[in-house]
Every structure is written in structure tokens, then in C-alpha cells.
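Below is one structure, written out as C-alpha cells; the observations come after it.
Numbering (my numbering), first residue to last: 3 to 249.
Encoded structure:
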């Protein structure tokens, strides 16, 4: 099985690598010290399992999982903290290992991975990409955006507007408006409905950025956003907006 280790502590990566090297059917195909490195690495290699730290500077392990365009087949969290266990299993993690990792405990994890991956001991993996990441985002999560060689981790609450652009989506936030290679409908599914409202067939708006609104044609509303953009809410969505704002 192909494994990737993500941990901001070099010593922790070295210790885990030494333990994993004791298993003939585990091949470490890469390591990363932060989320940006991990995303670039996972775009280049096929990983059957991701050994992932949780508390890392700039982006937690959970936020990294939400940011990945495609999730690894399996995830094992490796952390010094036990308070995240419930959330770890809510994202279908194989296991939750506490540092320092004990060899016998890791052996149990590898056995579980073999069963999940359905590989006989010692076999090489076939190697396939995981499913597209559709994990829902919470208000306090970060949203990962990549355009060409540039990457951003954007707090969900800082997303201003998303608008369809062909089969892609233009994402507006205070520092830019990159193009994401996913449909508006697919991204909307991940956004918290407590913040984001459909304006029309081609736009989704963050209610926190609504500055003003005025009646428009045929029962629609013209809404001005705090960044100066104007968006038209269709008659149907205008009614939903009024209800959402308690008007």
C-alpha cells in the first residue's frame, strides 16, 4: 500500500517512517510538512493511505481533507491530542493514533488497512484515485482554491460570491477571484446553508457581504455587496432572501 505522511514536526515524520518501514507491504511515497506541500504531493502521487497530523500551523488536518480535490482512499490520524477522536471517525478515518505511536498499536492499524484495502499481505496496490471530495464545509473551516500555480486557503466566512463560468466557477474573496474547475452546483453542495444563498441560476452569495438591496424588475431584487459588486436575486430567490433575513 502506498502511504503519505503529513506532519509539521520533522522528528514525528522520521519516527513514523521508521515504524512503517518495518512492514513489507507499506511503501512511503512521500512526506509533507504542511497543507500546501501535501496538496502538491498528493496531486503527483497515488496514495492508498494518508497518515495525517491534526494540529498544524495554518491549516488543520481536517481542513486539509476538506481542501483536497480528491480524497485519499484511507486516512489515519496521528496526533498528540485525544479530543479530536470523535470528529476523526466522523470523516471515516481508519484509525486515530496517539503520539508517540506504539509499534503494536500501529500493527493493528496496518492490519485494519489491509482489510479495508482488500490487499493480501505483501501485495502491491492497484492504485486508483479516490472520489471527488464533496465533504460539507462548516462556517469555521477553510476553503482551498487552486488556479494554475497559485493556491489559497480561504476562510469560508470570507467567501463573497461564487458565479458560474461555463462548466467552472469564479470564486470571489477579498484578495482575488480565481477560477475553480468545478461546477457551481457541486461547490454549493459543500457550502454551509446558514451563510450562502442562491441568487439566481448562476450565482451564490454570502449573506454576510450583503450591504443593501432594492426592488428590481418583476419582483426581483438588486443586491449590492460590500465589495461593490451588484447581484440580481430572481423573484423566487428574492423571497427566500427576505425570509432568511427576517424581512
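Think of the CB as a built atom: it goes at the ideal place given N, C-alpha and C, for glycine as much as any other residue.
As the structure is a computational prediction, the values presented were derived from the model and not from experiment.
{"query": "Between the C-alpha atoms of residue 198 and residue 168, what's the straight-line distance to the nearest angstrom?", "result": "21 Å"}
{"query": "Taking the C-alpha atoms as reference points, what is the distance between residue 226 and residue 206?", "result": "13 Å"}
{"query": "The beta strand (DSSP E) with residue 102 in it runs from where to where?", "result": "Unbroken run through residue 102: none, as it is neither H nor E."}
{"query": "Of the choices 240, 171, 141, 97, whose alpha-carbon is the least far from that of residue 220?", "result": "240"}
{"query": "Got a sec, what are the start and stop residues for the alpha helix (DSSP H) residue 38 sits in?", "result": "37-44"}
{"query": "Should residue 214 be labelled buried (16 or more other beta-carbon atoms within 10 Å of its own) or exposed?", "result": "exposed"}
{"query": "Based on the DSSP output, what are the partners of residue 182 in its beta bridges?", "result": "171"}
{"query": "Using the beta-carbon count (16 or more within 10 Å), is residue 134 buried or exposed?", "result": "Note that residue 134 scores a pLDDT of 47, beneath 50, so its modelled location is shaky; the value from the coordinates is reported in the next line. Residue 134 comes out exposed."}
{"query": "Would residue 158 and residue 171 qualify as a contact pair, given that the criterion is a beta-carbon distance under 8 Å?", "result": "no"}
{"query": "With H, G and I counted as helix, E and B as strand and the rest as coil, what does DSSP make of residue 252?", "result": "This structure leaves residue 252 out entirely; the chain is present only between 3 and 249."}
{"query": "What does the alpha-carbon distance come out to for the pair residue 218 and residue 224?", "result": "6 Å"}
{"query": "On the criterion of 16 or more Cβ atoms from any shown chain inside 10 Å, does residue 13 qualify as buried, or is it exposed?", "result": "exposed"}
{"query": "Can you find the residues in the same chain that come closer than 7 Å, C-beta to C-beta, to residue 243, ignoring five residues on each side of it along the sequence?", "result": "199, 223, 235"}
{"query": "Since residue 3 sits in a beta bridge, which residues does DSSP pair it with?", "result": "DSSP, once it has assigned bridges, lists no residue as partnering residue 3."}
{"query": "Who are the Cβ neighbours of residue 230 in its own chain at under 7 Å, not counting the five residues just before and after it?", "result": "none"}
{"query": "Within its chain, find whatever has a CB closer than 7 Å to the CB of residue 22; leave out the 5 residues flanking it on each side and keep chain order.", "result": "5, 28, 30"}
{"query": "Is residue 211 buried or exposed, if buried means 16 or more other CB atoms sit within 10 Å of its CB?", "result": "buried"}
{"query": "Kindly list the residues whose CB is nearer than 7 Å to the CB of residue 95, restricted to its own chain and excluding five residues on each side of it in sequence; keep chain order.", "result": "77, 78, 79"}
{"query": "Which whole runs of the alpha helix (DSSP H) in the segment 46-88 are 4 residues long or more, in chain order?", "result": "63-69"}
{"query": "Could you check whether residue 74 and residue 49 sit closer than 8 Å to each other, using their CB atoms as the reference points?", "result": "yes"}
{"query": "Taking the C-alpha atoms as reference points, what is the distance between residue 57 and residue 154?", "result": "19 Å"}
{"query": "On the DSSP bridge list, what partners appear for residue 156?", "result": "145"}
{"query": "Kindly give me the distance between the Cβ atoms of residue 8 and residue 52, rounded to whole angstroms, as I take these residues to be in contact under 8 Å.", "result": "7 Å"}
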